[in-house]
Amino acid sequence: MLEVCDLNVFYGSIHALQGISFNVNEGEIVTLIGANGAGKSTTLRCISGIVRARSGEITFRGQRINTVAANKIVEMGISHVPEGRQVFPNLTVMENLLMGAYTRKDKNEIKNSLEEVMERFPRLRERSRQMAGTLSGGEQQMLAIGRGLMSKPALIILDEPSMGLSPVLVEEIFNIIKKINQQGTTVLLVEQNAFMALQVASRAYVLETGRIVFSGDAAEVQSDPRVRSAYLGETEECAS
Amino acid sequence: MDHLIVDQIINGLQLGFMYALIALGYTMVYGVVKLINFAHGDVFMVGAFVGYFGFSQWGLPFPVAVLTAMAVCSILGVTIERIAYRPLRYAPKIAALISALGVSLFLEYFGSLKFVFGPNYRVVQRPFEEVQYHLAGITVTNIQIIVFITVLIMLAGLQFLIYRTKIGMAMRTVAVDHNASRLMGVNVDNTISVTFAIGSAFAAAGGVLYAIAYPQIHPFMGIMPGLKAFTAAVLGGIGIIPGAVLGAIIMGQVETLTSAFLSSQARDAIAFGILILVLLIRPTGILGRTEPEKV
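First to last, the sequence lines map onto chains A and B. Position one of the first sequence corresponds to residue 1 (the numbering used here), numbered consecutively onward. Position one of the second sequence corresponds to residue 1001 (the numbering used here), numbered consecutively onward.
Okay, structure coming up:
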């Protein structure tokens, strides 16, 4: 479904992504894990068209998208829920959700999606007239995911959805991710919480300083001693 | 004496409403691109000229002349953004600011050329007579009524656009975060163009009304009202739409009441004294607040 091939990104003179290649198949949950600064978010931002690659190719359902404008990529069926949630604090919860459906035209279908999202996140229904800036961190994350679903994406990209949330909420968010996937949306997930990510993912790629150093089935990655020592809590380094 | 005060308050309201039309453009543009568009006062001037040509030389009915001025200036505003600001959008802010000053001077001196507007003052022949109404000792003119009604309709229209339409919602999200808006599928460039178009159209309407109310126009007429409206926008809280209107009404009152009861020479000094005080004491303006950031 999504093919990323030999992606190179520079920030000024910093070579942030150094020939990243991976793919996501229809129906999968694929996770990118790695420490801070490994290039995970940059990879996602490249896919959604916010950052431009210097070289390499990204194709989505057979179409090259690495030169397509970000707003067109949303229309093609990729929804990116950014790191730090980025809900619009000056808009109501309802307006934030409607922004998620910005590229869609059919009012009835938008209403249906709105109903689905409210069903999935009852808290959002309760707070639909509240300004998004007044929500708690967990609620904002749910709003960000709900908003991401409002474009009816074929592929949803989630960047650090568990960041800053309590363990109970982390559990809840991961259950939601699983459900979204079971209902037919392909998921590309970036996480610092590698343990949780590997629980839900089918496949994983491990990034280190702009390169993929390891990949495989989630179970395989999880049991690899290098991954265990670096990302699964056997050192304190990346616990932040 | 009481009637004099009320008359002056009405005069101040007329001036304030016209400042509001200009201040809205400053504040909306600041909202979406975080740039003080210093050429905005000159767009107001172009609006005044186009309106003047419309009703005095091309024989257009007054409302059509206003609409023509609005249309011409929205195209002008969008063009200015394309040429002078967009290439610098993600450059250091000072670059765009200098570019804005350049555009401002360009419009003033280009407008002064003989084959454009010419360097001289022109007396505006109003398309209709000024009529005074005396109600309970208070004097209101038909021009004031036209200004009040036009501005109120435009404010209501703007309110509707920003809070009830899709493009208005996009303008509000672009004001917060360009990239997050892109991820929603918003075409940020187009949204910014629309913002410039609306802001410039408002300034143009303000320009035509100004030319009717104070019937003299020239290519440098935009400087003072532009700076006063900018002060109004800062006073109310730059980037906040109701703030621009509030700030403009205050500026209009301060200015007329100062001229009427203190000294008309102190008028501008006091107006800009307010700007300095606001920047020193409350840089976020009356309605502005520093929002705590949530991580």
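Positions of the beta carbon are idealized from the N, C-alpha and C atoms, including for glycine.
Chain B contact residues for residue i, given Cβ-Cβ distances below 8 Å
i       : result
A:Ile50 : Asn1179, Arg1182 and Leu1183
A:Pro82 : Asn1179, Ala1180 and Leu1183
A:Glu28 : Per Cβ cutoff of 8 Å: no residues; A:Glu28 is ~22 Å from chain B at best.
A:Glu75 : Gly1185
Cross-chain neighbours of residue i in chain B, by beta carbon under 9 Å
i        : result
A:Ser151 : Met1184 and Gly1185
A:Leu98  : Lys1166 and Met1169
A:Glu220 : None at all; the shortest Cβ gap to chain B is about 32 Å.
Nearest neighbour of residue i, chosen from the options [CA to CA]
i         : options                                       : result
A:Leu32   : A:Pro225, A:Asp217, A:Ser229 and A:Ser223     : A:Asp217
B:Val1124 : B:Thr1027, B:Phe1055, B:Gln1008 and B:Ala1203 : B:Phe1055
B:Leu1105 : B:Pro1092, B:Ala1039, B:Val1278 and B:Gln1144 : B:Ala1039
A:Gln222  : A:Gly210, A:Arg203 and A:Arg211               : A:Arg203
A:Met94   : A:Arg64, A:Glu116, A:Glu172 and A:Ala132      : A:Ala132
A:Gln190  : A:Pro161, A:Met142 and A:Phe174               : Position check: residue 190 of chain A holds Val in this sequence, whereas Gln was assumed. Per the Cα distances, A:Pro161.
B:Asp1268 : B:Ala1248, B:Pro1283, B:Leu1227 and B:Ile1240 : B:Leu1227
A:Asp159  : A:Gly27, A:Leu149, A:Leu44 and A:Phe22        : A:Leu44
A:Gln140  : A:Ile58, A:Leu169, A:Asn112 and A:Glu115      : A:Leu169
A:Lys72   : B:Ala1020, B:Val1186 and B:Thr1173            : B:Val1186
A:Asp106  : A:Ser151, A:Ala38 and A:Ser166                : A:Ser151
A:Ala35   : A:Ala53, A:Val213 and A:Pro225                : A:Val213
B:Phe1044 : B:Ala1266, B:Gly1239, B:Ser1264 and B:Ile1217 : B:Ile1217
B:Pro1061 : B:Pro1127, B:Val1140 and B:Ile1138            : B:Pro1127
B:Ala1213 : B:Ala1170, B:Val1131 and B:Asn1190            : B:Val1131
B:Val1208 : B:Ile1143, B:Met1028, B:Phe1230 and B:Val1103 : B:Ile1143
A:Gly12   : A:Val30, A:Gly19, A:Ala53 and A:Gly27         : A:Ala53
B:Val1278 : B:Ser1264, B:Phe1261, B:Phe1230 and B:Leu1262 : B:Phe1230
B:Val1046 : B:His1003, B:Gly1239, B:Tyr1030 and B:Gly1077 : B:Gly1077
A:Asn181  : A:Glu220, A:Val24 and A:Gly84                 : A:Val24
A:Ala154  : A:Val200, A:Gly137, A:Ser128 and A:Val187     : A:Val187
B:Asn1190 : B:Ala1271, B:Val1032, B:Ile1286 and B:Gly1239 : B:Val1032
A:Leu143  : A:Leu91, A:Arg104 and A:Glu171                : A:Leu91
B:Tyr1296 : B:Asn1011, B:Tyr1026 and B:Phe1160            : Within the shown structure, residues of chain B are numbered from 1001 to 1295, placing residue 1296 of chain B beyond reach of any answer.
As assigned by DSSP and simplified to three states, the class of residue i
i         : result
B:Asn1011 : helix
B:Asn961  : A question about residue 961 of chain B goes unanswered here, because the residues of chain B that appear run from 1001 up to 1295.
B:Asp1177 : coil
B:Leu1279 : helix
B:Asp1268 : helix
A:Glu208  : strand
B:Val1186 : coil
B:Leu1287 : coil
A:Gln86   : coil
B:Asn1037 : coil
B:Ala1091 : coil
B:Phe1062 : helix
B:Leu1101 : helix
B:Tyr1214 : coil
A:Thr103  : coil
B:Ser1263 : coil
A:Ser240  : With a pLDDT of 42 at A:Ser240, under the threshold of 50, the modelled position of that residue is not reliable, and the figure given next carries that caveat. Correct three-state label for A:Ser240: coil.
B:Leu1113 : coil
A:Phe195  : helix
A:Leu32   : strand
A:Asn108  : helix
B:Gln1057 : coil
B:Ile1249 : helix
A:Phe121  : coil
Interface residues of chain B facing residue i [CB-CB closer than 7 Å]
i        : result
A:Phe60  : By Cβ distance, chain B contributes nothing, its closest Cβ being about 15 Å from A:Phe60, past 7 Å.
A:Asn71  : Arg1182, Gly1185, Val1186 and Asn1187
A:Thr103 : Gly1185
Partners in chain A for residue i, counting only beta-carbon separations shorter than 8 Å
i         : result
B:Thr1173 : Phe88, Leu91 and Met99
B:Val1194 : Those do not exist, as B:Val1194 stays about 14 Å from chain A at its closest Cβ, beyond 8 Å.
Amino acids of chain A, ordered along the chain, whose beta-carbon sits closer than 7 Å to that of residue i
i         : result
B:Val1131 : Those do not exist, as B:Val1131 stays about 44 Å from chain A at its closest Cβ, beyond 7 Å.
B:Val1072 : Those within 7 Å of B:Val1072 in chain A number zero; the least Cβ separation is about 29 Å.
heavy atom of the ligand ATP below 7 Å from residue i C-beta
i         : result
B:Ile1005 : Ligands displayed in this structure: none; no statement on the ligand ATP is therefore possible.
Under 9 Å by beta carbon: chain A residues contacting residue i
i         : result
B:Val1245 : Here the premise fails: no neighbours, minimum Cβ distance about 18 Å.
task: Within the stretch 44-74 of chain A, note down every full beta strand (DSSP E) run reaching 3 residues or more, in order along the chain.
output: 55-60
query: Is the stretch 1154-1167 of chain B touching the stretch 1175-1183 of chain B in the sense that three or more CB pairs, one from each, lie closer than 8 Å?
result: no
query: Taking one C-beta from the stretch 76-85 of chain A and one from the stretch 30-49 of chain A each time, how about it: are there three or more such pairs within less than 8 Å?
result: yes
field: 4-residue-minimum alpha helix (DSSP H) runs that sit fully inside the stretch 128-186 of chain A, ordered along the chain
entry: 137-149 and 167-182
- prompt: Any chance the stretch 1257-1270 of chain B sits against the stretch 1050-1066 of chain B, with 3 or more Cβ pairs inside 8 Å?
  reply: no
task: Say whether the stretch 1232-1240 of chain B touches the stretch 1216-1224 of chain B, bearing in mind that this needs 3 or more beta-carbon pairs closer than 8 Å, one atom from each stretch.
output: no
query: Within the chosen definition, does the stretch 61-69 of chain A reach the stretch 114-130 of chain A through at least 3 CB pairs nearer than 8 Å?
result: no
Sequence ranges, beta strand (DSSP E) only - wholly within the stretch 1122-1181 of chain B, length at least 3: 1132-1135 and 1138-1141
query: Can at least three beta-carbon pairs, one atom from the stretch 1019-1036 of chain B and one from the stretch 1246-1254 of chain B, be found at a separation below 8 Å?
result: yes
message: Does the structure place the stretch 1193-1209 of chain B close enough to the stretch 99-115 of chain A that three or more beta carbon pairs sit under 8 Å?
response: no
query: Do the stretch 224-232 of chain A and the stretch 1106-1120 of chain B meet, that is, are 3 or more Cβ pairs less than 8 Å apart?
result: no
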